[in-house]
Amino acid sequence: MIRLPSPALLHALVASLVALALSSTSWADAPPPPPARAAPATAAAAPPPTAAPPAPAAATTGKNIADAVPCSACHSTVAWRQSDARGAGGFDHSTTGFPLTGQHQVTACNQCHGGQPVKRACNSCHEDVHRGRLSRSCDECHSAAGWQVTKAIDIHRKTRFPLTGMHTLADCSQCHQRSGDHQWTTAPVECFACHGKEYGRTDIRPVHTGTTLTAPFPRDCSQCHRSIAWVPALFKASLVTAAAPAALSGRR
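Residue numbers (our numbering): 746 to 997.
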(Lines of atoms letter the chains of each structure in order from A and count residues from 1; the text may use other names and numbers.)
(Lines give C-alpha, C1' and ligand atoms only; values in the text may rest on other atoms or scores of the structure.)
Protein backbone atom coordinates (compact mmCIF):
# COMPACT_ATOMS: atom_id res chain seq x y z
CA MET A 1 0.00 0.00 0.00
CA ILE A 2 1.39 3.39 -1.18
CA ARG A 3 1.45 6.12 1.36
CA LEU A 4 0.55 9.64 0.02
CA PRO A 5 2.44 12.70 1.25
CA SER A 6 0.71 15.01 3.61
CA PRO A 7 -1.07 18.14 2.29
CA ALA A 8 1.54 20.39 3.83
CA LEU A 9 4.31 18.57 1.99
CA LEU A 10 2.43 18.86 -1.34
CA HIS A 11 1.91 22.59 -0.84
CA ALA A 12 5.59 23.12 -0.18
CA LEU A 13 6.55 21.10 -3.27
CA VAL A 14 4.26 23.15 -5.60
CA ALA A 15 5.57 26.42 -4.19
CA SER A 16 9.16 25.32 -4.87
CA LEU A 17 8.39 24.43 -8.51
CA VAL A 18 6.68 27.82 -9.16
CA ALA A 19 9.63 29.71 -7.69
CA LEU A 20 12.06 27.76 -9.89
CA ALA A 21 10.04 28.57 -13.06
CA LEU A 22 9.94 32.28 -12.29
CA SER A 23 13.64 32.47 -11.67
CA SER A 24 14.58 30.89 -15.07
CA THR A 25 12.20 32.97 -17.40
CA SER A 26 11.44 36.72 -17.07
CA TRP A 27 9.12 39.00 -18.99
CA ALA A 28 12.12 40.81 -20.43
CA ASP A 29 13.15 37.63 -22.28
CA ALA A 30 9.82 37.47 -24.14
CA PRO A 31 10.09 38.10 -27.93
CA PRO A 32 9.14 41.64 -29.04
CA PRO A 33 5.76 42.08 -30.77
CA PRO A 34 5.82 42.25 -34.59
CA PRO A 35 6.20 45.78 -35.99
CA ALA A 36 2.96 47.51 -36.97
CA ARG A 37 2.26 47.77 -40.68
CA ALA A 38 2.59 51.25 -42.21
CA ALA A 39 -0.67 52.80 -43.36
CA PRO A 40 -1.03 52.84 -47.17
CA ALA A 41 -0.29 56.15 -48.89
CA THR A 42 -3.42 58.26 -49.50
CA ALA A 43 -4.19 61.18 -51.83
CA ALA A 44 -3.07 64.57 -50.72
CA ALA A 45 -5.54 66.21 -48.48
CA ALA A 46 -7.87 68.66 -50.28
CA PRO A 47 -7.19 72.31 -49.52
CA PRO A 48 -9.63 73.95 -47.19
CA PRO A 49 -12.63 75.52 -48.97
CA THR A 50 -12.30 79.17 -49.83
CA ALA A 51 -14.69 81.67 -48.43
CA ALA A 52 -17.79 82.41 -50.53
CA PRO A 53 -17.79 85.79 -52.32
CA PRO A 54 -19.77 88.47 -50.57
CA ALA A 55 -23.36 88.89 -51.70
CA PRO A 56 -24.13 91.94 -53.86
CA ALA A 57 -25.30 94.96 -52.03
CA ALA A 58 -29.04 95.42 -51.88
CA ALA A 59 -30.64 97.98 -54.14
CA THR A 60 -30.72 101.43 -52.63
CA THR A 61 -31.96 104.07 -55.04
CA GLY A 62 -33.24 101.97 -57.94
CA LYS A 63 -32.22 104.70 -60.39
CA ASN A 64 -29.39 102.73 -61.93
CA ILE A 65 -29.31 99.16 -63.14
CA ALA A 66 -26.17 98.51 -61.07
CA ASP A 67 -28.13 99.31 -57.91
CA ALA A 68 -30.37 96.30 -58.30
CA VAL A 69 -28.55 93.87 -60.61
CA PRO A 70 -25.12 92.36 -59.87
CA CYS A 71 -22.45 92.83 -62.55
CA SER A 72 -22.29 89.07 -63.15
CA ALA A 73 -25.86 89.10 -64.47
CA CYS A 74 -24.66 90.84 -67.64
CA HIS A 75 -20.87 90.54 -67.70
CA SER A 76 -18.22 87.89 -67.20
CA THR A 77 -14.55 87.90 -66.25
CA VAL A 78 -13.66 87.56 -69.94
CA ALA A 79 -14.72 91.09 -70.85
CA TRP A 80 -17.13 93.80 -69.86
CA ARG A 81 -18.70 94.04 -73.30
CA GLN A 82 -21.79 91.95 -73.81
CA SER A 83 -21.53 89.50 -76.68
CA ASP A 84 -25.23 89.43 -77.58
CA ALA A 85 -28.67 90.44 -76.40
CA ARG A 86 -28.57 87.83 -73.64
CA GLY A 87 -25.35 89.27 -72.29
CA ALA A 88 -21.95 87.70 -71.73
CA GLY A 89 -23.05 86.60 -68.29
CA GLY A 90 -26.28 85.00 -69.52
CA PHE A 91 -28.71 87.85 -68.76
CA ASP A 92 -32.00 87.21 -70.55
CA HIS A 93 -33.80 90.48 -71.26
CA SER A 94 -37.09 88.68 -71.87
CA THR A 95 -37.34 88.06 -68.13
CA THR A 96 -37.91 91.80 -67.67
CA GLY A 97 -41.16 91.78 -69.62
CA PHE A 98 -39.52 93.65 -72.52
CA PRO A 99 -37.88 91.09 -74.85
CA LEU A 100 -35.40 92.68 -77.25
CA THR A 101 -36.35 92.37 -80.91
CA GLY A 102 -35.30 94.07 -84.14
CA GLN A 103 -33.22 97.20 -83.73
CA HIS A 104 -33.44 96.94 -79.95
CA GLN A 105 -31.06 93.97 -80.13
CA VAL A 106 -28.23 96.11 -81.53
CA THR A 107 -28.86 99.15 -79.35
CA ALA A 108 -26.25 99.94 -76.72
CA CYS A 109 -27.53 99.32 -73.19
CA ASN A 110 -26.81 102.87 -72.03
CA GLN A 111 -29.09 104.31 -74.70
CA CYS A 112 -32.02 103.08 -72.62
CA HIS A 113 -30.38 102.50 -69.25
CA GLY A 114 -28.80 105.89 -68.76
CA GLY A 115 -29.14 106.21 -65.01
CA GLN A 116 -32.87 106.92 -64.96
CA PRO A 117 -35.75 104.50 -64.44
CA VAL A 118 -36.67 102.82 -67.72
CA LYS A 119 -40.32 103.02 -68.77
CA ARG A 120 -42.07 100.76 -71.24
CA ALA A 121 -43.74 103.57 -73.21
CA CYS A 122 -42.10 104.20 -76.59
CA ASN A 123 -41.92 107.97 -76.10
CA SER A 124 -39.83 107.52 -72.96
CA CYS A 125 -36.90 106.76 -75.30
CA HIS A 126 -38.12 107.98 -78.69
CA GLU A 127 -38.89 111.63 -79.32
CA ASP A 128 -42.41 112.22 -80.59
CA VAL A 129 -41.55 113.73 -83.96
CA HIS A 130 -45.26 113.91 -84.78
CA ARG A 131 -45.76 116.37 -81.90
CA GLY A 132 -48.79 114.67 -80.46
CA ARG A 133 -50.80 114.61 -83.69
CA LEU A 134 -50.59 110.82 -83.91
CA SER A 135 -50.61 108.03 -81.37
CA ARG A 136 -47.93 108.13 -78.68
CA SER A 137 -47.55 104.37 -79.01
CA CYS A 138 -45.02 103.95 -81.83
CA ASP A 139 -45.89 100.29 -82.37
CA GLU A 140 -49.32 101.22 -83.74
CA CYS A 141 -47.57 102.26 -86.96
CA HIS A 142 -43.98 101.03 -86.67
CA SER A 143 -42.21 97.85 -85.66
CA ALA A 144 -38.90 97.15 -83.95
CA ALA A 145 -37.43 96.25 -87.34
CA GLY A 146 -37.32 99.93 -88.35
CA TRP A 147 -39.16 103.23 -88.57
CA GLN A 148 -40.77 102.45 -91.92
CA VAL A 149 -44.55 102.26 -91.60
CA THR A 150 -45.57 98.62 -91.86
CA LYS A 151 -49.12 98.66 -90.51
CA ALA A 152 -50.82 101.18 -92.79
CA ILE A 153 -53.69 98.81 -93.65
CA ASP A 154 -54.43 98.08 -89.99
CA ILE A 155 -54.25 101.78 -89.15
CA HIS A 156 -56.69 102.75 -91.89
CA ARG A 157 -59.28 100.25 -90.69
CA LYS A 158 -59.82 102.61 -87.77
CA THR A 159 -60.41 105.62 -90.01
CA ARG A 160 -63.13 106.81 -92.39
CA PHE A 161 -61.05 105.55 -95.32
CA PRO A 162 -60.10 101.84 -95.08
CA LEU A 163 -57.48 100.93 -97.67
CA THR A 164 -58.61 98.55 -100.41
CA GLY A 165 -57.41 97.63 -103.88
CA MET A 166 -54.64 99.82 -105.31
CA HIS A 167 -54.80 102.10 -102.30
CA THR A 168 -53.01 99.40 -100.28
CA LEU A 169 -49.98 99.79 -102.60
CA ALA A 170 -49.88 103.59 -102.66
CA ASP A 171 -47.12 105.39 -100.79
CA CYS A 172 -48.37 107.32 -97.78
CA SER A 173 -47.00 110.60 -99.15
CA GLN A 174 -49.18 110.31 -102.25
CA CYS A 175 -52.22 111.12 -100.12
CA HIS A 176 -50.69 112.56 -96.96
CA GLN A 177 -48.66 115.50 -98.23
CA ARG A 178 -45.93 116.55 -95.83
CA SER A 179 -46.38 119.99 -94.34
CA GLY A 180 -43.07 119.73 -92.50
CA ASP A 181 -40.61 117.24 -91.10
CA HIS A 182 -42.64 114.24 -89.93
CA GLN A 183 -45.80 116.33 -90.07
CA TRP A 184 -48.63 114.95 -92.19
CA THR A 185 -51.62 116.97 -93.28
CA THR A 186 -54.98 115.37 -92.81
CA ALA A 187 -55.89 113.60 -96.02
CA PRO A 188 -59.46 114.18 -97.25
CA VAL A 189 -61.62 111.18 -98.02
CA GLU A 190 -63.14 112.62 -101.22
CA CYS A 191 -61.83 110.96 -104.39
CA PHE A 192 -61.43 114.24 -106.25
CA ALA A 193 -58.96 115.52 -103.65
CA CYS A 194 -56.36 113.01 -104.88
CA HIS A 195 -57.64 112.17 -108.36
CA GLY A 196 -58.56 115.61 -109.63
CA LYS A 197 -55.89 115.38 -112.32
CA GLU A 198 -57.40 112.20 -113.72
CA TYR A 199 -60.87 113.70 -113.54
CA GLY A 200 -59.81 116.71 -115.60
CA ARG A 201 -58.26 114.79 -118.49
CA THR A 202 -59.78 115.60 -121.89
CA ASP A 203 -58.25 112.66 -123.75
CA ILE A 204 -60.59 110.12 -122.18
CA ARG A 205 -64.14 109.36 -123.21
CA PRO A 206 -66.52 110.38 -121.96
CA VAL A 207 -64.96 113.64 -120.83
CA HIS A 208 -65.61 113.86 -117.10
CA THR A 209 -65.63 117.64 -116.94
CA GLY A 210 -68.58 117.80 -119.29
CA THR A 211 -69.13 119.16 -122.77
CA THR A 212 -71.62 121.38 -124.51
CA LEU A 213 -73.83 118.32 -124.77
CA THR A 214 -73.17 116.60 -121.43
CA ALA A 215 -73.07 117.68 -117.85
CA PRO A 216 -69.95 117.06 -115.71
CA PHE A 217 -69.64 113.70 -114.03
CA PRO A 218 -69.95 113.49 -110.24
CA ARG A 219 -66.64 113.87 -108.44
CA ASP A 220 -67.30 110.69 -106.48
CA CYS A 221 -65.19 108.23 -108.50
CA SER A 222 -66.70 105.23 -106.70
CA GLN A 223 -69.96 105.67 -108.61
CA CYS A 224 -68.27 104.22 -111.70
CA HIS A 225 -64.86 102.93 -110.66
CA ARG A 226 -63.53 100.47 -108.12
CA SER A 227 -60.35 100.76 -106.10
CA ILE A 228 -58.82 97.71 -107.78
CA ALA A 229 -58.35 99.60 -111.10
CA TRP A 230 -59.71 102.44 -113.22
CA VAL A 231 -60.99 100.02 -115.83
CA PRO A 232 -63.37 98.50 -116.42
CA ALA A 233 -65.66 101.29 -115.29
CA LEU A 234 -69.25 100.58 -114.33
CA PHE A 235 -70.60 103.27 -116.61
CA LYS A 236 -74.07 104.52 -115.77
CA ALA A 237 -75.98 106.12 -118.61
CA SER A 238 -78.01 108.14 -116.15
CA LEU A 239 -74.88 110.11 -115.26
CA VAL A 240 -74.63 111.51 -118.79
CA THR A 241 -77.25 114.24 -118.90
CA ALA A 242 -78.17 115.68 -122.28
CA ALA A 243 -77.50 119.37 -121.99
CA ALA A 244 -78.19 120.22 -125.60
CA PRO A 245 -81.55 121.91 -124.96
CA ALA A 246 -80.00 124.18 -122.36
CA ALA A 247 -77.07 124.89 -124.64
CA LEU A 248 -79.35 125.66 -127.57
CA SER A 249 -81.61 127.86 -125.49
CA GLY A 250 -78.57 129.74 -124.29
CA ARG A 251 -77.44 130.35 -127.85
CA ARG A 252 -80.79 131.74 -128.78
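No residue lacks a Cβ here, since even glycine has one placed at the ideal position from N, Cα and C.
Close Cβ partners of residue i (< 7 Å) along its chain, the five nearest in sequence each way excluded
i, result
"His970", "Ala978"
"Phe980", "Cys969"
"His871", "Cys883"
Status (buried if at least 16 other CB within 10 Å, exposed otherwise) for residue i
i, result
"Phe962", "buried"
"His1010", "The shown model of the chain, from 746 to 997, leaves out residue 1010, and the question about it has no answer."
"Cys819", "buried"
"Cys816", "exposed"
"Cys745", "Past the boundaries of the shown model lies residue 745; the chain is included only from 746 to 997, so the question cannot be answered."
Alpha carbon of residue i to alpha carbon of residue j, nearest angstrom
i, j, result
"Ser940", "Asp873", "Inspection of the sequence shows that residue 940 is occupied by His rather than by Ser. In a straight line, the C-alpha of His940 is about 32 Å away from that of Asp873."
"Gly945", "Thr913", "24 Å"
"Pro862", "Met911", "45 Å"
"Ala1010", "Pro951", "Nothing in the structure corresponds to residue 1010, since the chain is present only between 746 and 997."
"Thr840", "Cys854", "16 Å"
"Thr852", "Arg881", "21 Å"
Three-state class that DSSP yields for residue i in the structure shown
i, result
"Thr959", "strand"
"Ala869", "With the sequence shown as reference, residue 869 is identified as Ser, and Ala is not the correct amino acid for it. Ser869 falls in the helix class under three-state DSSP."
"Ser888", "strand"
"Ala824", "coil"
"Ala915", "coil"
"Ala818", "helix"
"Ala932", "coil"
"Ala853", "coil"
"Ala897", "helix"
"Ala978", "coil"
Closer than 8 Å: residue i CB and nearest the ligand FAD heavy atom
i, result
"Pro933", "As far as ligands go, the structure on display features none, and thus does not contain the ligand FAD."
Same chain, Cβ closer than 8 Å to residue i, five either side skipped, listed in chain order
i, result
"Lys896", "Glu885, Cys886, His887 and Ser888"
"Gly847", "Ser888, Ala889, Ala890 and Gly891"
"Thr947", "Thr954"
"Arg865", "Gly842 and Phe843"
Short Cβ contact (9 Å threshold) for residue i with residue j
i, j, result
"Thr904", "Ser972", "no"
"Glu935", "Arg964", "yes"
"Cys857", "Cys883", "no"
"Cys917", "Val894", "yes"
Residues of its chain near residue i, where Cβ-Cβ distance is below 6 Å and the 5 sequence neighbours each way are ignored
i, result
"Ala802", "Per-residue confidence for Ala802 stands at a pLDDT of 43, beneath the threshold of 50, marking its modelled position as unreliable; the derived number appears in the next sentence. Closer than 6 Å at Cβ, skipping near neighbours: no residue."
"His849", "Ala889"
"Arg878", "none"
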